[in-house]
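Read top to bottom, the protein sequences are chains Z and D. The first sequence runs 60 to 463 under my numbering. The second sequence runs 568 to 893 under my numbering.
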Amino acid sequence: MATEVILPRLGQGMESGTIVRWLKSEGEPVQKGEPLFELDTDKVTQEVEAEAAGVLLKIAVPEGEVPVGQTVAFIGAEGEDVPDVPAAAPPAEASEKPLQAEEEPRTEPAPQLEGAAAADGNGRVKASPLARRLARERGIDLGAVRGTGPEGRIVAEDVERAEAGGPAAPPAAPALAPAGEVERVPLSNVRRTIARRLTEAWQIPVFQLQASADMTRVNALVARLRERDPDVRTTVTDVLTKVCGQALMRHREVNAEFTEEAILLHPSANVGLAVAAPQGLVVPVIRSAERLSLTEIAAVRADLVGRARESKLRADDLEGGTFTISNLGMYAVESFTAVLNPPQAAIVAVGATEERVVPMGSETAVRPMVTLTCTFDHRAVDGAPAAAFLQTLKESLEDPGLAL
Amino acid sequence: MPELTYREAVRDALSTAMRQDDDVFIMGEDIAEMGGSMGVTAGMLEEFGKERVRNTPISEMALAGAAIGAAMQGMRPVAEIMYEDFMTLAAEQVVNQAAKLRYMSGGQLTVPVVFRTQGGAGWSPGAQHAQQLEAWFVHIPGLKVVFASTPEDVRGLLWSAIYDDNPVVFFEHRTLYPLKGDVPQEIEPIPIGRARIHREGEDVTVIATGRLVHESLEAAEEAEGEGISVEVVDPRTLQPLDEETLVSSVKKTNRAVVAHEAVTRMGFGAEVAAVLQYQAFDWLDAPIERVGAKFSPLPFAPVMENFVVPHAAEVLAAIKRTVGKA
């Protein structure tokens, strides 16, 4: 009997999705796990994989909005009969529900979280209980382990192999490429999504502004906070988050989002932190940073970053950001420009804090300096308000008391 | 070491107990002159007489009730229920009386009765004469449930069942009666509640009962040829269950297959899987596989019967799934 291809629910709030295009045509053979069609769910366009192998017998819905659970195609043996299905959903129902869904946190698979072969659609790494225990005991990050068990599950053997530092796994381990030969790394869906979104971001007209700040006082503040409360371990990033939160609320035109109809000014500064998770970049969000104390920010940040590194972020950890901090300071990068994280209107790229010789009146001094490079969406923000924002940022770092 | 068939082993346990102990007697439909529908009690009438080898009317409820009454009066009756399917007719007495009386009397009564019965597919008996209903009885507090798979086990366990002061439902498998196997010279009682490791292995534990023990051993042999080392364990007693042996085996191999001839859905294997996942959760490297009959009344047609009940091939496939070689 032909297997129905059902429009999947990619997150709890999802009621419908839009089929963008089919990657297979009718009559074409399909392997289980092969991308079948592209599905747009507001936030991401994701490839939906076939859950059965056979021939794509019929595409019931070539494109357009479809409620979750509707049959959109059939896979089966060649020449097999296919039952009739209603071509598309009644539009009324389909168009009402997504509005309601807006209010709920979307739990679409955060694409950045997938990565390793064993991750399932919800970003959870699929591993056997034994593999989990071994990884826990030996301090191995499962997100970095490739699973070779059924359905890509990480099994004990994979953890042991990862610990031994051996090749990822026999099926996955590319034989050492002969010198001079091009190695092909197949695109994961995550990679595709990142590529698509960054390409979109690149089309936004942006400009950059750069300023350097003297971090003497921030460093002193951080040192003092750590001394007072060693358990919390406040970091420079926490101060940056707080300072950005304050600056964004003072310059709300930067805490903005450009839409075709209007520019939306957000009521609070939800500051995203770009974190290098095992599978790639993730940007968990610290909400209402302007209202949190430094200690509170440190606690939230420690939780988010910790879970990001363990691949345990939930989709709502990644949502609702209004601004992003990308800090490459730990890599001895002096300064860099970051690509916008749409729909946000601004992002700040933070370089390393390094000792630089700076003029002090007629003298010179050696000071810990950091270079901030802000990228702005010019459709939403003009140069002058952007510059004012950056100046507030600089002043607040040089004299953190100003951010109070 | 003498060799007995499974059938002879059952008879040997019954006869030996009856020779040494006047309280032990057997009753059932057609067990006397006819020797039982499966020939298990053949020749016993001649040795023990009709007082102790009692033919009963064709009423399972009556014969079960009579056996329970005799047990309450201090006898150790062994009642034969011709087919496991007919246990449903005896169920009122077994479930509501035998299982409850010791508890409800505050220990004033004991019911040392054994209900021997047999079932199993493989000879085209149809839907009403081959069911595997052990899951019905393991669910009843107050009953012990045994399902032996070899001549040695069936003899040693029946002995323990006869001398247990609690009611025991004792399952035999129809197709195992002709199976030959070595048994100790003298009957060695096998404690109720102790599993048997038939074969040691490293990669997967197959927990099997009845006929499936032998199918699993065959599957293990084939798996060995493919480089998979399989441990085969027979719980032998389904209630109480030797959880310790099962769990420690799975902790060693990290993978488990549960196999029985009864339908998989809601079967005894489901309980075993639950015990394993709870006690050995952090040791499991694969989902626990279950092998059993498809959820269908047993068809008459041999080819269909063969399709519905599991064999070595199904066990082997499950073994391979656990090691990701399916």
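No residue lacks a Cβ here, since even glycine has one placed at the ideal position from N, Cα and C.
Rounded to the nearest angstrom, how far is the Cβ of residue i from that of residue j, given a contact under 8 angstroms?
{"i": "Z/G202", "j": "Z/A374", "result": "No, Z/G202 and Z/A374 are not in contact; Cβ-Cβ is about 16 angstroms, not under 8 angstroms."}
{"i": "Z/V429", "j": "Z/T412", "result": "4 angstroms"}
{"i": "D/V825", "j": "D/F862", "result": "In fact, because the Cβ distance is near 16 angstroms, the residues do not count as touching under 8 angstroms."}
{"i": "D/L843", "j": "D/A823", "result": "5 angstroms"}
{"i": "Z/A446", "j": "Z/A315", "result": "So it is not a contact: roughly 16 angstroms between Cβ atoms."}
{"i": "D/L724", "j": "D/V712", "result": "Actually they do not touch by this definition, with Cβ atoms about 11 angstroms apart."}
{"i": "D/V645", "j": "D/I593", "result": "5 angstroms"}
{"i": "D/L805", "j": "D/F848", "result": "About 23 angstroms separates the two Cβ atoms, so there is no contact after all."}
{"i": "Z/T207", "j": "D/G891", "result": "7 angstroms"}
{"i": "D/L779", "j": "D/H706", "result": "Going by Cβ atoms, the distance from D/L779 to D/H706 rounds to 20 angstroms, so no, they are not a contact pair."}
{"i": "Z/V265", "j": "Z/L399", "result": "6 angstroms"}
{"i": "D/A609", "j": "D/V680", "result": "D/A609 to D/V680, Cβ: 23 angstroms. No contact."}
{"i": "Z/I263", "j": "Z/R438", "result": "7 angstroms"}
From what residue to what residue does the alpha helix (DSSP H) around residue i run?
{"i": "D/D720", "result": "P718 to I729"}
{"i": "D/F867", "result": "Segment: none, D/F867 is in no alpha helix (DSSP H) and carries neither H nor E."}
{"i": "D/F682", "result": "Counting along the chain, D/F682 falls outside any alpha helix (DSSP H), though it belongs to the beta strand (DSSP E) covering V681 to G686."}
{"i": "D/V842", "result": "F835 to Q846"}
{"i": "D/A666", "result": "A666 to M671"}
{"i": "D/L581", "result": "Y573 to Q587"}
{"i": "Z/K117", "result": "Not the alpha helix (DSSP H): Z/K117 falls in the beta strand (DSSP E), residues G113 to I118."}
{"i": "Z/R191", "result": "P188 to R197"}
In whole angstroms, what is the alpha-carbon distance linking residue i and residue j?
{"i": "Z/L463", "j": "Z/V107", "result": "48 angstroms"}
{"i": "Z/V313", "j": "Z/K301", "result": "15 angstroms"}
{"i": "Z/V114", "j": "Z/Q305", "result": "57 angstroms"}
{"i": "Z/R197", "j": "Z/E222", "result": "8 angstroms"}
{"i": "Z/T434", "j": "Z/V425", "result": "28 angstroms"}
{"i": "Z/G420", "j": "Z/D458", "result": "18 angstroms"}
{"i": "D/R578", "j": "D/L710", "result": "23 angstroms"}
{"i": "Z/A153", "j": "Z/W81", "result": "Because Z/A153 carries a pLDDT of 39, less than 50, the predicted location of this residue cannot be relied on, and no value is offered for it."}
{"i": "D/V607", "j": "D/R574", "result": "6 angstroms"}
{"i": "D/I886", "j": "D/V750", "result": "30 angstroms"}
{"i": "D/I598", "j": "D/D652", "result": "17 angstroms"}
{"i": "D/F874", "j": "Z/A61", "result": "23 angstroms"}
{"i": "D/T572", "j": "D/M605", "result": "13 angstroms"}
{"i": "D/I759", "j": "D/F737", "result": "11 angstroms"}
{"i": "Z/E137", "j": "Z/L116", "result": "7 angstroms"}
{"i": "Z/L332", "j": "Z/I345", "result": "8 angstroms"}
{"i": "D/A638", "j": "D/V721", "result": "22 angstroms"}
{"i": "D/S626", "j": "D/L656", "result": "8 angstroms"}
{"i": "Z/T294", "j": "Z/L69", "result": "36 angstroms"}
{"i": "Z/L172", "j": "Z/L372", "result": "Low confidence applies here, because Z/L172 scores a pLDDT of 32, under 50, leaving its location unreliable and the question unanswered by this model."}
{"i": "Z/T77", "j": "Z/E85", "result": "19 angstroms"}
{"i": "D/R803", "j": "D/F704", "result": "15 angstroms"}
{"i": "Z/S455", "j": "Z/E349", "result": "13 angstroms"}
Starting from residue i, follow the beta strand (DSSP E) in both directions and report where the run begins and ends.
{"i": "Z/F133", "result": "T130 to G135"}
{"i": "Z/L324", "result": "I322 to L324"}
{"i": "Z/N278", "result": "Counting along the chain, Z/N278 falls outside any beta strand (DSSP E), though it belongs to the alpha helix (DSSP H) covering T275 to R287."}
{"i": "D/K747", "result": "K747 to D749"}
{"i": "Z/V334", "result": "V334 to A336"}
{"i": "Z/D436", "result": "E422 to D436"}
{"i": "Z/E316", "result": "A315 to F317"}
{"i": "Z/R415", "result": "E413 to M419"}
{"i": "D/E828", "result": "A823 to V830"}
{"i": "Z/D99", "result": "P94 to D99"}
{"i": "D/A860", "result": "E856 to A860"}
{"i": "Z/E124", "result": "G123 to P126"}
- Please list the residues of the region 848-882 of chain D that have a C-beta atom closer than 7 angstroms to any C-beta atom in chain Z, keeping them in chain order. F848, D849, W850, L851, D852 and A853
- What are the complete beta strand (DSSP E) segments, minimum 3 residues, inside the region 601-658 of chain D? 620-622 and 643-648
- Which residue spans inside the region 755-806 of chain D form an unbroken beta strand (DSSP E) run of at least 3? 763-766, 771-775, 797-801 and 804-806
- Could you list the residues in the region 684-695 of chain D with a C-beta less than 9 angstroms from some C-beta on chain Z, going in chain order? none
- Query: Can you list, in chain order, the residues of the region 612-624 of chain D whose Cβ is nearer than 7 angstroms to any Cβ on chain Z?
  - Reply: none
- Item | Within 8 angstroms of chain D by C-beta, residues of the region 177-209 of chain Z in sequence order | S187, P188, L189, A190, R191, R192, T207, G208 and P209
- Item | Selection of the region 721-749 of chain D by Cβ proximity to chain Z, strictly under 8 angstroms | none
- Message: Against chain D, which members of the region 331-343 of chain Z pass a CB distance test of less than 9 angstroms?
- Response: none
- Message: Restricting to runs no shorter than 3 residues, where is the beta strand (DSSP E) found entirely within the region 347-421 of chain Z?
- Response: 382-386, 405-409 and 413-419
- Going along the region 811-839 of chain D in order, which residues come within less than 7 angstroms of chain Z, judged by CB to CB distance? N821
- Which residues, in order along the region 772-797 of chain D, keep a beta-carbon less than 9 angstroms from a beta-carbon of chain Z? none
- Message: Please identify, using Cβ separations under 8 angstroms, the residues of the region 660-676 of chain D that lie next to chain Z, in order along the chain.
- Response: none
- Item | Where the region 103-127 of chain Z meets chain D: residues whose CB sits under 9 angstroms from a CB there | none
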